[in-house]
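Engineer: Shown below is the structure under consideration.
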Amino acid sequence: MITQLYADDIARQADDNPTIYGDVDFALLPERYDRDASVDDERFAPIRSRVADVIDDEALMGRVRNYTMKGDRVADAYAALIPEYGFGTLIDMLEQAWADGPEAVAAAPAELGAFIASMEETAGWVDLDLVEKGAAAERIPMATATPFAIRGAFLATFLNKYAALPMTMTGTLSDEAAAKRVFETASFFTATTLPRALRRNGKGFLAAAKVRLMHSMVRFHLMQSGQWDVATYGIPIPQIDQMPAGQIGVYFLSSDALSNGQSEFTDSQRAVVELSRYRCFLLGLPQELVGQTPQEVVDLMTARHVSLREGFDDEICGSLVRGSLSAELFDRSTWRGRAHGWLENGFSRFVLTQRFLGGDEEVARSVGIDFGTSHKVAATFAGAAIAGTTAFYRLGPKVPYAAEYVDARLNRKLARLLDSYGHADFVTDPDRYHLNDR
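Going by this note's numbering, the sequence shown opens with residue 3, and the numbers climb by one from there.
And the structure:
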């Protein structure tokens with residue numbers, strides 16, 4: 003039985019940041035939290051044994067409950083200054099503080115210094131040397147698989163109305179906006195794999211700070227709008243909803259490791275996991291939400307899944323899915339662009355259906371994802387292309403005198419991809435919000 007809904011620091015958000023959380027009733031459990039979830043629920047059929055491992059773990063489920071109602075303390079405090087400075091000035095000051103230090107920003111608010119300092123204080127549980135090894139390993143899939151798979155992974159975040167509503171209300175429905183968000187996501191994760199990108203002066207560090215601020219600005223605007231229903235949806239973009247984006251790859255890696263009988267990560271796997279953990283730290287996630295072992299990672303993600311009430315709303319989820327599927331991500335004026343677009347369209351649907359919907363094509367169709375013969379053929383060819391280029395980049399360096407050439411070619415490909423993704427702003431525009439649609 004739940005005797006106290008949340009830890010003291012959760013409710014204290016109302017006092018610490020009344021601009022954003024002053025009207026939040028921290029004595030309620032939002033509808034999105036499925037307090038009546040049972041291991042026998044039909045939705046848990048594919049992972050029933052994993053659900054059984056976590057559903058009665060009061061400490062773990064309590065942790066999930068807390069972070070369902072927790073925002074980002076330091077970034078939220080900075081975003082709460084929007085009425086005083088305006089969101090454009092806050093972004094400009096953040097960029098200058100990244101480049102020259104907060105002390106170089108004229109009349110910088112204390113909240114800016116606290117924000118940057120929280121990211122500079124590298125968590126003791128992060129091994130930065132291992133992070134660089136993980137980044138080097140991840141550059142290969144970022145160059146080979148991500149260009150084909152990113153839309154599928156992006157679509158997976160739209161399949162639950164409780165988690166997807168902020169995307170709807172912030173105007174991410176048009177083809178243009180959807181394409182921009184897909185490319186910004188690809189750009190962020192690709193940029194963070196470049197050498198030393200996540201160090202203090204790296205572009206990945208700045209990107210993480212801007213993503214955090216963007217999320218906090220969304221919280222500010224939605225909570226200030228008077229149209230966000232806390233009793234139903236909790237707070238916008240809670241910490242618990244940032245786990246999937248930051249750790250979905252590590253979750254699949256962990257799941258496969260457990261299936262292979264591993265209780266610990268191999269050295270090469272550990273490097274990839276460490277990259278993910280540090281990236282999550284920079285994005286504001288606490289250590290409590292990033293696992294160290296395959297079992298911890300799977301348990302955390304499963305517990306989050308258990309807590310999130312099932313709900314597909316066509317107005318919310320369907321609109322996002324349709325907007326993202328119809329978005330033209332590539333220039334189709336050339337045969338190369340048309341071919342790449344065809345391959346990506348098929349492979350992204352394959353990723354979504356197989357990895358996120360358990361391979362159930364009927365379920366995929368029910369949420370607006372058709373995975374027909376043409377898509378399957380495209381996915382097959384894309385998979386073969388990914389396998390071939392991945393083998394080249396993994397095996398090429400083992401050939402005498404070829405390592406330098408292969409590495410340079412990989413870096414050039416990443417540079418071209420980042421250029422094709424376009425400039426990532428990582429901003430939220432309140433003028434595009436659909437606040438009267440709900």
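Here a beta-carbon is modelled for each residue, glycine too, at the ideal position from N, C-alpha and C.
1. Taking the alpha carbon of R67 as the reference point, which residue from D78, P32, V232 and R351 has its own alpha carbon closest?
2. Once the 5 residues before and after L287 are set aside, which same chain residues still bring their CB inside 8 Å of it?
3. For the segment 390-427, list the alpha helix (DSSP H) runs that are entirely contained and at least 4 residues long, ordered along the chain.
4. Give the secondary structure of L291 by DSSP, where H, G and I count as helix, E and B as strand, and everything else as coil.
5. Taking just the CA atoms, how far does G204 sit from F222?
6. Residue range of the alpha helix (DSSP H) that K163 falls in?
7. So what's Y8 in DSSP terms, helix, strand or just coil?
8. State the CB to CB distance for the pair A329 and A180, rounded to an integer number of angstroms; the pair is presumed to be in contact (CB under 8 Å).
9. Helix, strand or coil for L310 per DSSP?
10. Nearest CA to the CA of E276: which residue from V292, S265 and L285?
11. Determine, using beta-carbon pairs with one atom in the segment 49-66 and one in the segment 301-319, whether at least three such pairs fall under 8 Å.
12. Nearest CA to the CA of V133: which residue from A386, M71, F283 and E346?
13. Between L416 and the rest of its own chain, which residues show a CB-CB distance below 8 Å, the 5 nearest in sequence each way excluded?
14. Report the option in L200, S270, P20 and R324 whose CA atom is closest to the CA atom of W100.
15. Buried or exposed, going by whether 16 or more other CB atoms sit within 10 Å of the CB of S2?
16. Tell me the rounded alpha-carbon separation between A108 and T187.
17. Span of the alpha helix (DSSP H) holding A108?
18. May I ask which residues mark the beginning and end of the alpha helix (DSSP H) holding L132?
19. Compute the Euclidean distance between the alpha carbons of I152 and V184, then round it to the nearest angstrom.
20. So, P111 versus L83, is the Cβ gap smaller than 9 Å?
21. With a threshold of 16 other CB atoms inside 10 Å of the CB of R34, please say whether the residue is buried or exposed.
22. With a threshold of 16 other CB atoms inside 10 Å of the CB of L397, please say whether the residue is buried or exposed.
23. Using C-beta distances below 7 Å, list every residue in its chain close to F190, excluding the 5 sequence neighbours before and after it, in chain order.
24. What are the partner residues of Y35, as DSSP defines its beta bridges?
25. Return the chain-ordered list of same chain residues with a C-beta closer than 7 Å to the C-beta of A158, the five sequence neighbours on each side being excluded.
26. With a threshold of 8 Å on Cβ separation, who are the neighbours of V220 within its own chain once the five nearest residues in sequence on each side are excluded?
27. Would DSSP call Q226 helix, strand or coil?
28. What is the rounded straight-line gap between the Cα of D362 and the Cα of H307?
29. Suppose only complete runs of 4+ residues qualify. What are the alpha helix (DSSP H) ranges in the segment 176-226, listed by chain order?
30. On the CB-based measure, 16 or more other CB atoms within 10 Å of its CB, does D74 come out buried or exposed?
31. Can you tell me where the alpha helix (DSSP H) holding S278 begins and where it ends?
32. Going by C-alpha distance, which of Y164, E312 and Q294 is nearest E44?
33. Indicate the three-state DSSP secondary structure (helix, strand or coil) for F160 in the structure shown.
Structural biologist: On the basis of the data shown:
1. On the sequence shown, residue 67 is found 65 positions in, with the first residue counted as 1. Nearest C-alpha to R67: P32.
2. On the sequence shown, residue 287 is found 285 positions in, with the first residue counted as 1. Cβ neighbours of L287 beyond the five flanking positions: Q241, Q244, M245 and G248.
3. 405-423
4. Taking the sequence shown and counting its residues from 1, the one referred to as residue 291 is at position 289. Residue state, collapsed to three classes: helix.
5. Stepping through the sequence shown from its first residue, residue 222 is reached at position 220. Stepping through the sequence shown from its first residue, residue 204 is reached at position 202. The straight-line gap from Cα to Cα measures roughly 27 Å.
6. Here residue 163 refers to the residue found at position 161 of the sequence shown. Per DSSP, K163 belongs to the alpha helix (DSSP H) from K163 to M171.
7. As a working note, residue 8 is residue 6 in the sequence shown. Looking at Y8 - three-state DSSP - the assignment turns out to be coil, as it is neither helix nor strand.
8. Here residue 329 is taken as the residue at index 327 of the sequence shown, counted from 1. Here residue 180 is taken as the residue at index 178 of the sequence shown, counted from 1. Correct: roughly 4 Å between the Cβ atoms.
9. As a first step, residue 310 is located in the sequence shown; it is residue number 308 there, counting from the start. Strand.
10. Translated into the one-based positions of the sequence shown, residue 276 becomes position 274. Of V292, S265 and L285, the residue nearest in Cα terms is V292.
11. yes
12. Along the sequence shown, read from residue 1 onward, the residue named residue 133 stands at position 131. V133 has its Cα closest to that of F283, out of A386, M71, F283 and E346.
13. Position 414 of the sequence shown, counting from 1, holds the residue named residue 416. Excluding residues within five positions, the ones whose Cβ falls inside 8 Å are R141, M144, A145, T192, T195 and L196.
14. The residue labelled residue 100 in the question sits at position 98 within the sequence shown. When each option's Cα is compared against that of W100, the closest is L200.
15. The requested residue 2 does not occur in the structure, where the chain is confined to residues 3 to 440.
16. Taking the sequence shown and counting its residues from 1, the one referred to as residue 108 is at position 106. Taking the sequence shown and counting its residues from 1, the one referred to as residue 187 is at position 185. Their backbone Cα atoms lie some 32 Å apart in a straight line.
17. Your numbering for residue 108 matches position 106 in the sequence shown. Premise fails: A108 is in no alpha helix (DSSP H) and is neither H nor E.
18. Taking the sequence shown and counting its residues from 1, one reaches residue 132 at position 130. Segment L130 to T146, the alpha helix (DSSP H) holding L132.
19. Position 150 of the sequence shown, counted from the first residue, corresponds to residue 152. Position 182 of the sequence shown, counted from the first residue, corresponds to residue 184. So the two alpha carbons sit approximately 7 Å from each other.
20. What you label residue 111 is simply residue 109 of the sequence shown in a count that begins at 1. What you label residue 83 is simply residue 81 of the sequence shown in a count that begins at 1. Yes, Cβ-Cβ distance for P111 and L83 is below 9 Å.
21. For this step, residue 34 is matched to residue 32 along the sequence shown. Result: buried.
22. As a working mapping, residue 397 is identified with position 395 in the sequence shown. When all chains shown are included, L397 counts as exposed.
23. Taking the first residue of the sequence shown as 1, we reach residue 190 at position 188. Cβ neighbours of F190 beyond the five flanking positions: A209, V213 and A426.
24. Locating residue 35 in the sequence shown gives position 33, counting from the first residue. Looking at the DSSP assignment, Y35 forms a beta bridge with L310.
25. Residue 158 sits at position 156 when you count from the first residue of the sequence shown. Cβ neighbours of A158 beyond the five flanking positions: L354 and F358.
26. Here residue 220 refers to the residue found at position 218 when the sequence shown is read from its first residue. Cβ within range, chain order: P168, T172, P238, I239 and T430.
27. For this step, residue 226 is matched to residue 224 along the sequence shown. Helix.
28. On the sequence shown, residue 362 is found 360 positions in, with the first residue counted as 1. On the sequence shown, residue 307 is found 305 positions in, with the first residue counted as 1. Roughly 18 Å separates the two Cα atoms.
29. 177-193
30. By one-based count along the sequence shown, residue 74 stands at place 72. With 16 or more other Cβ atoms within 10 Å, it is buried.
31. Start at 1 with the first residue of the sequence shown, and residue 278 comes out as number 276. Taken as a continuous stretch (DSSP letters only), the alpha helix (DSSP H) holding S278 covers D269 to L284.
32. Taking the first residue of the sequence shown as position 1, residue 44 is located at position 42. Selected option, being the one with the closest Cα: E312.
33. Looking up residue 160 in the sequence shown gives position 158. F160: coil per DSSP, three-state reduction.
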